Amino acid sequence: MKVLIADKIEEKGISILEEIAEVSVQTDITNQKLIRSIGEFDAVVVRSRTKITREVIESASRLKVIARAGVGVDNIDVEAATERGIMVVNAPESASVTVAELTLGIIISLARRISRANKSVKEGKWEKSKFMGVELFGKTMGIIGMGRIGEQVAARFRGFEMKILAYDPYISEDTASKLGVTLVELDTLLKEADIVTIHVPLNPQTRHFIARKELELMKETAYLVNCARGGIVDEHALYDALSQGKIAGAGMDVYENEPPTGNPLLDLDNVVATPHIGASTREAQQNAAIIVAEEIKKVFNGEAPSNLINLPVLDPQRQTAK
Ligand code: NAD
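For the sequence shown, counting from 1, position 156 maps to 223 in the working numbering; every step adds exactly one.
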């Protein structure tokens, strides 16, 4: 078996694959070269740089599995892969703690003005009264989306002795109570939360999930944080809400357009912005590399992988174009 590592992944993942296959590391491979050489490989590992397009897939005569060492599969033509019976796997749980910790960091930075205060001190100023903050203790956290990351965020904020509300129509009251959160309707969460943090996937139902109407419901003292996906928050509406004082601040790791060149939100003092670094820790990268290497191992051993994105490839009735 031959595996192509097309984007940089942590060494541990490569060494797992080397136990079972011939591994070729070509982390600067161009799209044209990929189209020419993909036919030699049984598996390919990518992060986000390499695009596995329909054209690549059509040249992949022996490819069994495309592995994304991370969460989003926007760089893979999953439909084309499914048509040809090629499995697409990812590592959805690899970054949950890491993203939750960044969310915590952004929330604390908003509450205590850390990034603004840091900039001010480094500019030689001593503006103590300008950076009056708020405590999180006793406040209400509103989590939209109680999945892998939402759950980790809740667990961490319980330690801050906050009241935790959650909106997620797909989890039961029983699950919510085990996670120590109170399930409420979205409007209630928006009206009552001092901090609203978003952890839902981006899909047609969640595009502009938080727009003008939702922002109107929030408290003037509330903060909104999006470490999920750009596009879930309507950025024009958010800019208006922030500049008109309808909410107190926002934290963002993700944007409708990335990089967010010229995005007016970045000019606002009450916005804490990071460059889509939610999954950027050594631990998350290592988890992702290990998880996808194990997934490839399973596929090579004829077992079903745990994180299969395109379930229809397992359908015995399915006709493949191969
Ligand atoms: P997940 O699938 O485990 O959880 C998502 C939760 O959202 C689920 O519980 C689901 O029931 C809920 N949900 C779905 N639609 C909903 C809706 N319309 N209203 C309310 N709840 C809804 O996903 P996850 O791993 O926790 O990831 C959450 C988000 O974080 C995703 O958008 C993911 O892309 C993003 N993410 C960002 C980074 C980053 O670098 N910033 C890294 C990893 C993941």
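Think of the CB as a built atom: it goes at the ideal place given N, C-alpha and C, for glycine as much as any other residue.
Treat the numbers as computed from the prediction; the structure is a model and nothing was measured.
TODO: Please confirm if the stretch 346-360 is in contact with the stretch 159-167, defined as three or more CB-CB distances below 8 angstroms between the two stretches.
DONE: Three or more pairs of CB atoms, one per stretch, sit closer than 8 angstroms, so the stretch 346-360 contacts the stretch 159-167.
Task: Within 8 angstroms, strictly: CB atoms of residue 112 and residue 148 - done: For residue 112 and residue 148, no; Cβs fall outside 8 angstroms.
Task: Whole-Å CB distance - residue 170 paired with residue 208, under 8 angstroms assumed - done: Between residue 208 and residue 170 the Cβ distance is about 10 angstroms, and since that is not below 8 angstroms, they are no contact.
Open item on the list: Just to check my reading of the structure: residue 161 and residue 137 have Cβ atoms closer than 8 angstroms, yes? What is that Cβ distance to the nearest angstrom?
Closed with: Your pair residue 161 and residue 137 checks out as a contact, with CB atoms roughly 7 angstroms apart and the cut at 8 angstroms.
Open item on the list: Given this structure, state the Cα-to-Cα distance separating residue 307 from residue 316, to the nearest angstrom.
Closed with: Distance between residue 307 and residue 316, taken at the CA atoms: about 12 angstroms.
Open item on the list: With three or more beta-carbon pairs closer than 8 angstroms as the criterion, would you say the stretch 372-380 touches the stretch 209-221?
Closed with: Segments in contact, no.
- [ ] Measure the C-alpha to C-alpha separation of residue 140 and residue 154 and round it to an integer number of angstroms.
- [x] Taking C-alpha positions only, residue 140 is separated from residue 154 by approximately 12 angstroms.
Open item on the list: If you reduce the DSSP assignment to three classes, tell me which class residue 330 lands in.
Closed with: Look at residue 330 here: in three-state DSSP terms it is coil, with no helix or strand label.
Task: Reduced DSSP secondary structure (H/G/I, E/B, other) of residue 318 - done: Residue 318: strand per DSSP, three-state reduction.
- [ ] Compute the Euclidean distance between the alpha carbons of residue 388 and residue 150, then round it to the nearest angstrom.
- [x] For residue 388, the pLDDT reaches just 45, beneath the cut-off of 50, and the residue's location in the model is therefore unreliable, leaving the point undetermined.
Open item on the list: Please determine whether the Cβ atom of residue 119 lies at a distance below 7 angstroms from any heavy atom of ligand 1.
Closed with: No, ligand 1 has no heavy atom inside 7 angstroms of this Cβ.
TODO: List the endpoints of the continuous beta strand (DSSP E) containing residue 234.
DONE: Where residue 234 is concerned, the enclosing beta strand (DSSP E) stretches over 230-234.
Open item on the list: Using the Cβ count rule (16 or more neighbours within 10 Å means buried), how would you classify residue 185?
Closed with: Under this definition residue 185 is an exposed residue.
Open item on the list: What would DSSP say about residue 91, mapped onto helix, strand or coil?
Closed with: Strand at residue 91.
- [ ] Indicate whether residue 180 and residue 205 have their beta-carbon atoms separated by less than 8 angstroms.
- [x] 8 angstroms or more divides the Cβ of residue 180 from the Cβ of residue 205.
Open item on the list: Any heavy atom of ligand 1 closer than 7 angstroms to the beta-carbon of residue 213?
Closed with: The answer is yes for residue 213.
Open item on the list: Going by beta-carbon coordinates alone, are residue 49 and residue 177 separated by less than 8 angstroms?
Closed with: Absent from the model: residue 49. The displayed extent of the chain is 68 to 389, so no value can be given.
Task: Alpha-carbon to alpha-carbon, residue 276 and residue 258 - done: One Cα belongs to residue 258, the other to residue 276, and the distance between them is close to 15 angstroms.
- [ ] Answer yes or no: the CB of residue 269 versus the heavy atoms of ligand 1, is any distance below 7 angstroms?
- [x] A heavy atom of ligand 1 is found nearer than 7 angstroms to the CB of residue 269.
- [ ] Use the C-beta contact count for residue 371: other C-beta atoms within 10 angstroms, 16 or more gives buried, fewer gives exposed.
- [x] With a 10 Å radius around the Cβ and a threshold of 16 neighbouring Cβ atoms, residue 371 comes out exposed.
Open item on the list: Between which two residues does the alpha helix (DSSP H) holding residue 123 run?
Closed with: It spans 121-125 - the alpha helix (DSSP H) in which residue 123 sits, taken as one unbroken run.
Task: Interface flag, residue 333 vs chain D, CB-CB below 8 angstroms - done: Looking at the structure shown, chain D is missing, and only one protein chain is on hand.
- [ ] Name the one or two DSSP bridge partners that residue 209 has.
- [x] Residue pairing by DSSP puts residue 209 in a beta bridge opposite 232 and 263.
- [ ] State the Cα-Cα distance for the pair residue 260 and residue 232, rounded to the nearest angstrom.
- [x] In this structure, the straight-line span from the alpha carbon of residue 260 to that of residue 232 is close to 8 angstroms.
Open item on the list: Can you tell me which residues form a DSSP beta bridge with residue 134?
Closed with: Under DSSP, residue 134 takes part in a beta bridge, and its partners are 112 and 156.
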